[in-house]
Amino acid sequence: MFNLIVEGVGYLNRVRSVTPKKGPAYLACTINAMMGESTAVEYVSIDCRIVGKQALEAVKQLEDAVKAKQKVIVGFRAGDPKPDFYEFTNSQTGEVVQREGLKARLLQLTFAKVDGQKVEIPVVERAQRADESAQAGGAQRHEPAEA
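So our numbering is basically just the index in the sequence shown, starting at one, shifted up by 1362.
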């Protein structure tokens, strides 16, 4: 089993419940992840299905702050990112805008700040993560075969 994990820091937005035509409803969010130099920050939009237990609890805890338009910054770990292309109508100009981003599974939040103030959230302890990884078969390191 191979896992592709993305770790970063970004703004938590668009916390919402999604009800698909088939399957159970789930909680989703968008993280606008920051990258690059602090003097010239670029953002990557990551649309996340929340799958981690502590991540789900943490996002529910932060949901009211997000809906109140407070600045919610989180550290995150997301798995299995895939490219995503979407369109929306600009509310100011009325023109259709095309954007690209990622879709991923939100595994955990590592910290949270609301309007610059640290907020205590449920987190996965390091030892617990190692145990879960070993149980899932992720404890082995896979080296590429020599050519």
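Every residue, glycine too, gets a C-beta built ideally from N, C-alpha and C.
Since this is a predicted model, take the numbers as computed values, not measurements.
Through-space distance from residue j to residue i, alpha-carbon basis
| i | j | result |
| --- | --- | --- |
| P1445 | I1367 | 14 Å |
| V1481 | F1473 | 8 Å |
| N1375 | Q1423 | 13 Å |
| D1477 | I1483 | 15 Å |
Same chain, Cβ closer than 6 Å to residue i, five either side skipped, listed in chain order
| i | result |
| --- | --- |
| I1546 | Lying before the first or after the last residue shown, residue 1546 is absent from the chain, which here runs from 1363 to 1509. |
| R1378 | A1390 |
| A1402 | none |
Selected residue, minimal CA-CA separation from residue i, among the options
| i | options | result |
| --- | --- | --- |
| F1364 | Q1470, P1443 and S1453 | P1443 |
| I1435 | K1475, K1465 and C1410 | K1475 |
| E1369 | A1387, A1395, R1376 and V1380 | A1395 |
| G1437 | V1486, T1455, A1430 and K1383 | V1486 |
| K1465 | K1429, V1406, V1428 and K1384 | V1406 |
Beta-carbon proximity list for residue i, same chain, < 8 Å, skipping 5 on both sides
| i | result |
| --- | --- |
| V1380 | A1387, Y1388, L1389, A1390 and R1411 |
Residues that residue i bridges to, as DSSP identifies them
| i | result |
| --- | --- |
| S1407 | N1394 |
### Message
Using 8 Å as the cut-off, can you tell me whether the stretch 1460–1471 makes contact with the stretch 1438–1452, which would need three or more C-beta pairs spanning the two stretches below that distance?
### Response
yes
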